[in-house]
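Chemist: My structure is below; once you've seen it, I'll send some questions.
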C-alpha cells in the first residue's frame, strides 16, 4: 500500500505534473472538454431539431389551406372532392377510415397480443420461447409493402372467392393485415412489462393456492397494466401511421361504411389519401395543401398518442420499480 | 367441484395461449410460403427456346450456333402449324380470294399483250378472261353454296380450252378447284365466323411462338418473343385448346363462364387436325429446359418489367440505404454516446429523449411530406440544387426516419460495455474522451453494427418516405445522386397495383417481393447472428 502510493508520487514527480488538474490549472483542456460536450449536445439535439423541422415544414405547407378553408368543414364534412370544379375538402370520411381500420385492427391484435405476451412471460419453457421470439421478430421485420403485396394479391382474391365480398380490397382485409403488423409491438412491450412484475407477486399468489389462470388475471395483468396500455397505444400508433398496407388493401373509396359495422366495404384512410393523391397535385395548389393539412392532423394525432404511451411507460416503470 | 372447474379454466386458458402462438406461426407461414414459392419461379423455371433467343438478343448470352441449330429443329415443327393456318385462312378469306382472282386476271392480260397471237384471238381471249374472273368473283361472293358451285362450274368449262394451257390463267382453275374443296367442308354462311376464329387462333399462335417468320419486328418488347417460360407456354396452350365464353343462362342473371374445345369450332374442316398436332408436339415447339436464372438479380428489365430482372431496383435500394446509413450512423452513435456518457437526468436530456420518442412515432408518410417540403422544396433550392426527386433527398429523409432506431440500439450497445473496462481505463489516467474512443467504442462496436444492420433492413423496406422524394417506377439507372431511382420497395408496390402489364407476369411480381423480403431477412439474420455472438462473448467472461 505504502509502496504503491510512493510509486505514484514518484511518477507524478517524474512528469512534474499533478495527477488531477483543476480547471484553473488546465484552462485549455477545460475549455476543450466543455466545447466538446457542447458539440456533442448539438449533434445529439439533431433529433429534437428534426422533430421541430418536421412540425414546422409540414405545417408551413398546410397553413395557407386553413386560411382559405374552414377547419370546421375540414373536420366535419364528408365531402372530399378535391378535383371538382367546386373543390371540397371534407376529411371526415378519411379520418373515419383511419379510425375504422385502427380500431378493427386493435380488436384483433390486442387479445392475441396479450395472450401471446402472457405465453412468453409466464407459460412457456425457455426452449419454446427461443423458437417463438424469432417468429415475432420475423413478423416485425417483413416490410409493410410486402404485407400490402400479400394483402392485395393473395388475401384479396381469397376473400372475394370464399366470402363472396364485392371486392377483396376492403376495410376487413386492411385491418387484418394491420393487426398482424401491430402484434409484434404489442407483444414485446406487454411482455416486458409482464416480465417486470416480480417473482414475489407470482410466488405469493401461487402460495395462496391460486391457479395460473387466476394468478395471471388477478395479479400479474393488474400489476403490469400500465405497460400493457402503453403497448396497446404503441400498436395503435403503428396502425394509424401505416401507409402502404392500407393504400394497397383498403380499396381507396372515400366513404364511411353504411351500415357502420360493415367492414366488407372499401374505405380510405388519411395516410392512403396523402400517398395516393400527392402524385396528381400541382405544387402549391389547394389540393396539395389539403394533403399537408391531413399530414398535420396525423402528426398531431400520433404526437398525442405518443404522450400517452410515454406517460404509461413511465408509470409502469415507477410502479414495477416499487413492487420489487 | 369448484377446484375442478378452476383447473378446467386454467387448462383452457393455457390451451388458448398455445393456440394464439400457433396461429401466429401459421400466419407467418401463410404469408411467406406463397411469396417464396411463387417468387422462386422467377429464378428457377423451365426456359423455352424463346427465352434463349431473348437472352442472346438482349445480353449476348449463349452460343449462336447452338441456338441456330435448335431454332431450325423447332421451326420444322412450327412451320406445319403456320402452313395449316395459312391454308385455311386463304380458303375462308374471300376478300383475299377476290383480290387474288383480280391479280390473275391482270397478269394474264399482260401475258396476252406480250404473246405473239392474232389480233382477234387476243381480243376474244381478253373477253373470256374477264368472264372467268367475274364468274370466280361471283362464286366467292355467293352466300349460297349451290349458286357458288354453279359459278365455279362455269369457270371450269374453260379449263379444257387450249388457249389457257400453259398460261397464268391455269391458276384460275386451281383457285376454283381449291374453293370447291373448301365449299365441301365449310358452310359458306359461316365463313366470316371462321375468319374471325382463325384470326384468334393466329393471335394465340403469335403469343406462343412470337411474330411469324418474315413479319416485321413489333415495337413493343413483349410482342417480340413467344412464350419464354414453359408455364407461360402452357397457359397459351390452354388458351389455344379451349375457348371461354360468357353465356347468359337465365335472363337477368349474371353471365356464366363456359369452357369449350376450340377444335369443335372447326369440326369438319382441315384445321381440325391442327389441334391434335399442337397438343401432341407441344414440347417440340419449345424445347423447354430447367434453368437457374441467377442473372435475375443483375439484369435490367424491359419496359413494363415484362422480361428481365431486378438489377436496377437492387442497386437503387442499396444506394438509398447505404447513403442514409452514412448520415445516420455517426449521428446515432454520437447521440447515444452523449446520452449514456455525458448526460445526467436533467431537463435538456428529458427534452432530447422526448424528441427521439416523438420522432419514432411520426408516421412514415409524414416523413415523405417533410422530405419533400424541407429537402426538395426548401433546402436544395436554397443551395442551388434541383428540386426534383433524387437519391439524396430520399436517403436524407430515410436517415431521419431511422435515427431513433439507431440511437436506441447504439445506446444499448454502449450501456452493455462492462463498467470495469471504463474504470480500468480511467484509472490508468486516460481522459474520458480517450477512454470512450479507445475502450468503450471498440467494445460496443459489434452491438452498434447490429443496430446499424437492423436500421439498414428497416430502411430497405420503407416505401412511403421515398414515394415523393426519390422513387420512380421505371427509368434508367441513376448516374448521380441528384437523380431519382427505382427501388425494390416501390417496385413491389407498383407491380402489385400500379402496373397492368405486371398482372400478366405473376412470376415477375412475386420475384420482386421475394427479392425485397430476402434482402431484409438476410440483414435481420445477420444482425441476429452478430447479437448471439456478442451475447456469447459477454457470457464467456
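Chains as they are written, first to last, in my numbering: chain V, 12 to 335; chain X, 25 to 565. All C-beta atoms, glycine included, are put in the ideal place defined by N, C-alpha and C. Since we're looking at a predicted model, the values are computed, not measured.
#1: Under the assumption that residue 156/V contacts residue 517/X (Cβ atoms under 8 angstroms), give the Cβ distance between them as a whole number of angstroms.
#2: Pick helix, strand or coil for residue 325/X, following the three-state DSSP scheme.
#3: Can you give me the start and stop residues for the beta strand (DSSP E) that residue 69/X sits inside?
#4: Would you kindly work out how many angstroms separate the C-alpha atoms of residue 203/V and residue 190/V, rounded to a whole number?
#5: Here's the rule: buried if 16 or more other CB atoms are within 10 angstroms of the residue's CB, otherwise exposed. What is residue 253/X?
#6: By the three-class DSSP mapping on this structure, what secondary structure does residue 534/X have?
#7: Start and end of the alpha helix (DSSP H) containing residue 266/X?
#8: Compute the Euclidean distance between the alpha carbons of residue 542/X and residue 428/X, then round it to the nearest angstrom.
#9: Compare the C-alpha of residue 164/V against each of 154/V, 265/V, 184/V and name the closest.
#10: Since residue 314/X is in the beta strand (DSSP E), which residue starts that stretch and which ends it?
#11: Go ahead and label residue 240/X buried or exposed: buried means 16 or more other beta carbons lie within 10 angstroms of its beta carbon, across all protein chains shown.
#12: Verify the CB distance criterion: does residue 107/V have a CB-CB separation below 8 angstroms to chain X?
#13: Any contact between the region 346-360 of chain X and the region 548-558 of chain X? By contact I mean 3 or more CB pairs, one from each, below 8 angstroms.
#14: Buried or exposed for residue 333/X, please, with buried defined as at least 16 other CB atoms from any protein chain shown within 10 angstroms of its CB.
#15: Using three-state DSSP, classify residue 452/X as helix, strand or coil.
#16: Does residue 100/V come out as helix, strand or coil in the three-state DSSP assignment?
#17: Quick one: what does DSSP say residue 334/X is sitting in, helix, strand or coil?
#18: Could you list the residues in the region 232-249 of chain V with a C-beta less than 7 angstroms from some C-beta on chain X, going in chain order?
#19: Would you grab the beta carbon distance between residue 112/X and residue 304/X for me? Rounded to a whole angstrom, and I think it's under 8 angstroms.
#20: Mind listing the chain V neighbours of residue 381/X? Cutoff is C-beta to C-beta under 7 angstroms, in chain order.
#21: Tell me which same chain residues have a C-beta within less than 7 angstroms of the C-beta of residue 172/X, skipping the five on either side of it?
#22: Please confirm whether residue 320/V and residue 245/V have their CB atoms less than 8 angstroms apart.
#23: Are residue 389/X and residue 105/V touching if we call contact CB-CB under 8 angstroms?
#24: What whole-angstrom Cβ distance do residue 571/X and residue 267/X have, given they're in contact under 8 angstroms?
#25: Which residues in the same chain as residue 140/V place their Cβ atom closer than 7 angstroms to its Cβ, once the five residues preceding and following it in sequence are excluded?
#26: When the Cα atoms are used, what is the spatial distance from residue 65/X to residue 531/X?
#27: Going along chain V in order, which residues have a C-beta closer than 7 angstroms to the C-beta of residue 405/X?
#28: Return no unless some Cβ of chain X is closer than 8 angstroms to the Cβ of residue 138/V.
#29: Note down, in chain order, each residue of its chain lying with its Cβ closer than 7 angstroms to the Cβ of residue 72/V, except the 5 sequence neighbours on either side.
#30: Might you give, ordered along the chain, the residues of its own chain that have their beta carbon closer than 8 angstroms to the beta carbon of residue 324/X, omitting 5 neighbours on each side?
#31: Across which residues does DSSP place residue 272/V in a beta bridge pair?
#32: Just list the residues that DSSP pairs residue 5/X with in beta bridges.
#33: Pick from 123/V, 179/V, 83/V: whose alpha carbon is nearest that of residue 47/X?
#34: Please say whether residue 248/V and residue 308/V have beta carbons closer to each other than 8 angstroms?
#35: Reducing DSSP to helix, strand and coil, say where residue 134/V ends up.
#36: Would you list the one or two residues that DSSP bridges to residue 278/V?
Modeler: The structure says:
#1: Start at 1 with the first residue of the first chain, and residue 156/V comes out as number 145. Start at 1 with the first residue of the second chain, and residue 517/X comes out as number 493. Contact between residue 156/V and residue 517/X holds: their C-beta atoms lie close to 5 angstroms from each other, under 8 angstroms.
#2: If you number the second chain from 1, residue 325/X lands on position 301. Residue 325/X: strand per DSSP, three-state reduction.
#3: Residue numbering aside, residue 69/X sits at position 45 when the second chain is read from its first letter. Where residue 69/X is concerned, the enclosing beta strand (DSSP E) stretches over 68-71.
#4: As a first step, residue 203/V is located in the first chain; it is residue number 192 there, counting from the start. As a first step, residue 190/V is located in the first chain; it is residue number 179 there, counting from the start. Approximately 20 angstroms between the Cα atoms of the pair.
#5: In the second chain, residue 253/X corresponds to position 229, counting from 1. Residue 253/X counts as buried, since at least 16 other C-beta atoms from the protein chains shown sit within 10 angstroms of its C-beta.
#6: For the purposes of this step, residue 534/X is identified with residue 510 of the second chain, where counting begins at 1. Here DSSP, grouped into helix, strand and coil, assigns residue 534/X to helix.
#7: Reading the second chain from its first residue, position 242 is the one you call residue 266/X. Premise fails: residue 266/X lies in the beta strand (DSSP E), 266-271, not in any alpha helix (DSSP H).
#8: As a working note, residue 542/X is residue 518 in the second chain. As a working note, residue 428/X is residue 404 in the second chain. Distance between the alpha carbons of residue 542/X and residue 428/X is about 24 angstroms.
#9: The residue labelled residue 164/V in the question sits at position 153 within the first chain. Ranking the options by Cα distance to residue 164/V, first place goes to 184/V.
#10: Start at 1 with the first residue of the second chain, and residue 314/X comes out as number 290. 313-316 is the span of the beta strand (DSSP E), which, as asked, contains residue 314/X.
#11: Position 216 of the second chain, counting from 1, holds the residue named residue 240/X. Per the 10 Å Cβ criterion, exposed.
#12: Position 96 of the first chain holds residue 107/V. Residue 107/V does not count as touching chain X.
#13: The way I'd put it, the region 346-360 of chain X doesn't touch the region 548-558 of chain X; fewer than three beta-carbon pairs between them come closer than 8 angstroms.
#14: The sequence position of residue 333/X within the second chain is 309, counting from 1. Classification of residue 333/X: buried, given that the 10 Å Cβ count is 16 or more.
#15: For the purposes of this step, residue 452/X is identified with residue 428 of the second chain, where counting begins at 1. Coil, per DSSP.
#16: As a working note, residue 100/V is residue 89 in the first chain. It is a strand residue.
#17: As a position in the second chain, residue 334/X is number 310, starting the count at 1. In this structure, residue 334/X counts as coil in the three-state DSSP scheme.
#18: Taking 7 angstroms as the Cβ-Cβ cut-off against chain X, the residues of the region 232-249 of chain V that qualify are 248.
#19: Looking up residue 112/X in the second chain gives position 88. Looking up residue 304/X in the second chain gives position 280. Actually they do not touch by this definition, with Cβ atoms about 19 angstroms apart.
#20: Here residue 381/X refers to the residue found at position 357 of the second chain. Residues of chain V passing the Cβ test: 317, 321.
#21: Numbered from its first residue, the second chain carries residue 172/X at position 148. Excluding sequence neighbours, residue 172/X sits near 163, 166, 207, 212.
#22: Taking the first residue of the first chain as position 1, residue 320/V is located at position 309. Taking the first residue of the first chain as position 1, residue 245/V is located at position 234. Less than 8 angstroms separates the beta-carbon of residue 320/V from that of residue 245/V.
#23: Taking the second chain and counting its residues from 1, one reaches residue 389/X at position 365. Taking the first chain and counting its residues from 1, one reaches residue 105/V at position 94. Judged by their CB atoms, residue 389/X and residue 105/V are not nearer to each other than the 8 angstroms cut-off.
#24: Only positions 25 to 565 of chain X appear in the structure, and residue 571/X is not among them; the question remains open.
#25: Numbered from its first residue, the first chain carries residue 140/V at position 129. The beta carbon of residue 140/V is closer than 7 angstroms to those of 131 in its chain, skipping five residues each way along the sequence.
#26: On the second chain, residue 65/X is found 41 positions in, with the first residue counted as 1. On the second chain, residue 531/X is found 507 positions in, with the first residue counted as 1. One C-alpha to the other measures close to 6 angstroms.
#27: By 1-based counting over the second chain, the position of residue 405/X is 381. Simply none; closest approach about 12 angstroms.
#28: As a first step, residue 138/V is located in the first chain; it is residue number 127 there, counting from the start. False, the Cβ-Cβ gap to chain X never drops below 8 angstroms.
#29: Against the first chain, residue 72/V aligns to sequence position 61. Hits under 7 angstroms: 300, 303.
#30: Translated into the one-based positions of the second chain, residue 324/X becomes position 300. Once the five neighbours on either side are set aside, the close Cβ partners of residue 324/X are 332, 333, 335, 336, 501.
#31: The count along the first chain starts at 1 and reaches residue 272/V at position 261. In the DSSP assignment, no residue is bridged to residue 272/V.
#32: No answer is possible for residue 5/X: it lies beyond the span of chain X, which begins at 25 and ends at 565.
#33: If you number the second chain from 1, residue 47/X lands on position 23. Measuring from the Cα of residue 47/X, the nearest candidate turns out to be 123/V.
#34: Numbered from 1 along the first chain, position 297 holds the residue referred to as residue 308/V. Numbered from 1 along the first chain, position 237 holds the residue referred to as residue 248/V. No. Outside cutoff.
#35: For the purposes of this step, residue 134/V is taken as the residue at position 123 of the first chain. Helix, per DSSP.
#36: Taking the first chain and counting its residues from 1, the one referred to as residue 278/V is at position 267. Residue 278/V pairs with 262/V.
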